[in-house]
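The structure under discussion appears below in the form of structure tokens.
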Amino acid sequence: MMAVLFQHICNWLKKSLRHDLPPGPRGVPFLGNLPFMFNNGYREVEALRQKYGNVFGLMLGSRYLVFLCDFDSVTEALSQGPLLNRPEEFPLNITGNPQSVILINGHLWKEQRRFMLKTTSNIMTTLLVGRRFEYDDPDCADMNSMVDVIPALSAQALAVNFFPWLRKLLSWSRLGPWARLYDVIIRRDRFCESLLEAHEKTHHDGVVKDYIDGFLREMKRQNGHGTFTRKLLIGNLSSFFGGGSGTMRTTLEWLMLTCAAKPHLQRRIQAEIDAILKSSGGRSHVSWRDRDRLPYTRAFMWETTRCKPVNPLGLMRSTTDDVKVCGYVIPRGSIVIPSLWSIFQDQSFWGDPEVFRPERFLTDDGTRARKPERLIPFSYGRRRCPGESIASMVVFSYFTTILQHFNIEKPAEQETSGEEFGLSLRPTHQQVVFRLREVRV
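When you number the sequence shown by our numbering, it's gap-free, plus one each residue, and the end is 455.
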């Protein structure tokens, strides 16, 4: 224990005495800045940015973290090869032996990313397992529950990640939130394994209907001598369900609540949708190919994403070598986190970032929507979210279909601004009313 404490103090002094590192709060030995963080993470990061600048560093436990809080520093850093890896402290890496495209590094990650980008082309569960669940299916309800619980438990266990010895102890002993998190993740993986087993019974060689078929074909081709393994497939399925369906659902929740709070903007979107369907001869629904003909709808969606990003702090990266960013050195072994919230609230670019104004994304005549390169909810660089295209299509399809058929209203006595931040920014549980529209196209 004394050796661990001595090492922590040495690390703290070494970082404090270096002059080429980004500025930042010194914290205290052993704990670093841990006592002052995580109450409202992304807003605390923004407060530190205002004090120390767009690139700053601090100690959390025994690890050195650097936060990147403007578009220039993020693009400069995340374009560099030494910043492609995920750190061991990544919140969902509870076993220390990552088996998922979200967690793995190096050649294995590159191979899995290439494969996934080739095979993603449909909605999440249909894409992955060739089927969809009925809404009253208990398996569907169980998975939705796990999608909710895992981020909450991961956030509770987050501080432990920055003390490697304590992390290993709790992982081994299954104590506290770590035990509950471990149990839920094991249950999720078993659920995905059951889906895989059911899928294998109907799988035919040479027939690729979905992601699993493609993966199984590649496993057979490699014949046990490659990186495509059953364990990795189960890990990927688990990550896709959590990172895919959970993120898309939260995005839709923010869109619904924003519509309920701003009915005049909702009516403008509905008028745009109605006009498209009428001009297309009474087509029954909007499709992805209509997106450029719905400029205000897309502008509204982008503005909601800017104001309520599901991930206000981008996913962690780790440095495999010293890197230089904006004149500062980020040492090897550091954890780097982009603050997307700070980019989305940058007054020098947005002008009035505190105002919800979809028109900022429209051309002067309002006929086209333009997405600026600084709106990067899926992060930046080669390790940005590989599900960006499918998520955009799915959310667009659900959102336009819902507003085509329903008016979204809030109860008169209810506010719609509550939020909670764990690993993601989510609305608190709130009620809305879906009132069927009477529209003749």
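C-beta atoms are modelled at their ideal positions from N, C-alpha and C, and glycine is treated no differently.
Per-residue DSSP class, three states only, for residue i
i: P39; result: coil
i: Y394; result: coil
i: R77; result: strand
i: R297; result: coil
i: R388; result: coil
i: V369; result: coil
i: G432; result: coil
i: G228; result: helix
i: F363; result: helix
i: F205; result: helix
i: V350; result: strand
i: L183; result: helix
i: G258; result: helix
i: L131; result: Any reading at L131 is ruled out, since the residue's pLDDT is 48, under 50, leaving its predicted position unreliable.
i: F44; result: coil
i: G71; result: strand
i: L376; result: strand
i: N331; result: Here residue 331 turns out to be Arg, not Asn, going by the sequence shown. In this structure, R331 counts as strand in the three-state DSSP scheme.
i: L98; result: coil
Same chain only: Cβ atoms within 7 Å of residue i, ignoring 5 sequence neighbours per side
i: P37; result: Y66, G67, F70
i: V198; result: M160, V163, I164, L167
i: M157; result: F205, F255
i: Y342; result: D34, L35, P36, V69
i: F177; result: G75, S76
Range of the contiguous beta strand (DSSP E) that encloses residue i
i: V409; result: Careful: V409 lies outside any beta strand (DSSP E), inside the alpha helix (DSSP H) at 402–419.
i: R440; result: 439–441
i: K338; result: 337–339
i: G450; result: Strictly speaking, residue 450 in this sequence is Leu, with Gly absent from that position. L450 -> beta strand (DSSP E) spans 447–450.
i: P345; result: Where P345 is concerned, there is no enclosing beta strand (DSSP E), given that its DSSP letter is neither H nor E.
i: E427; result: From DSSP, E427 is part of no beta strand (DSSP E); its letter is neither H nor E.
Residue i classed as buried or exposed, judged by whether at least 16 other C-beta atoms fall within 10 angstroms
i: E427; result: exposed
i: W268; result: buried
i: N237; result: exposed
i: Q418; result: buried
i: H239; result: exposed
i: V456; result: Because residue 456 is not part of the residues shown, which for the chain are 15 to 455, the question remains open.
i: G75; result: buried
i: L439; result: buried
i: H278; result: exposed
i: T264; result: buried
i: G258; result: buried
i: L131; result: In this predicted model, L131 has a pLDDT of only 48, less than 50, meaning its place in the structure is not dependable; the value taken from the coordinates is given anyway. Exposed, because fewer than 16 other Cβ atoms sit within 10 Å of the Cβ of L131.
Neighbourhood of residue i by C-beta distance below 6 Å, restricted to the same chain and skipping five residues each side
i: V447; result: E423
i: T318; result: W268, L269, T272
i: R63; result: C83, S356
i: I137; result: Only weak support exists for where I137 lies, its pLDDT of 42 falling under 50; the value from the coordinates is given anyway. Excluding residues within five positions, the ones whose Cβ falls inside 6 Å are V408.
Residue i - containing alpha helix (DSSP H), residue span
i: F85; result: 85–92
i: Q444; result: Neither: Q444 is in no alpha helix (DSSP H) and is coded neither H nor E.
i: Q359; result: Note, Q359: premise wrong, no alpha helix (DSSP H); not H, not E.
i: M315; result: 309–321
i: F254; result: 244–254
i: V59; result: 55–66
8 Å CB neighbourhood of residue i in its chain, flanking five on each side removed
i: L376; result: P309, Y310, A313, R382, A383, R384
i: G432; result: P441, T442, Q444
i: T415; result: H299, V300
i: F413; result: L266, L269, T311, M315
i: R307; result: I290
i: E368; result: Q359
| query | Given 8 Å as the limit, is there contact between the segment 396–405 and the segment 289–309, that is, 3 or more CB pairs closer than that? | reply | no
| query | With a cut-off of 8 Å, do at least 3 Cβ pairs link the segment 280–290 to the segment 374–391? | reply | no
| task | State whether the segment 360–377 contacts the segment 323–341, with contact taken as three or more CB pairs (one from each stretch) at a distance under 8 Å. | result | no
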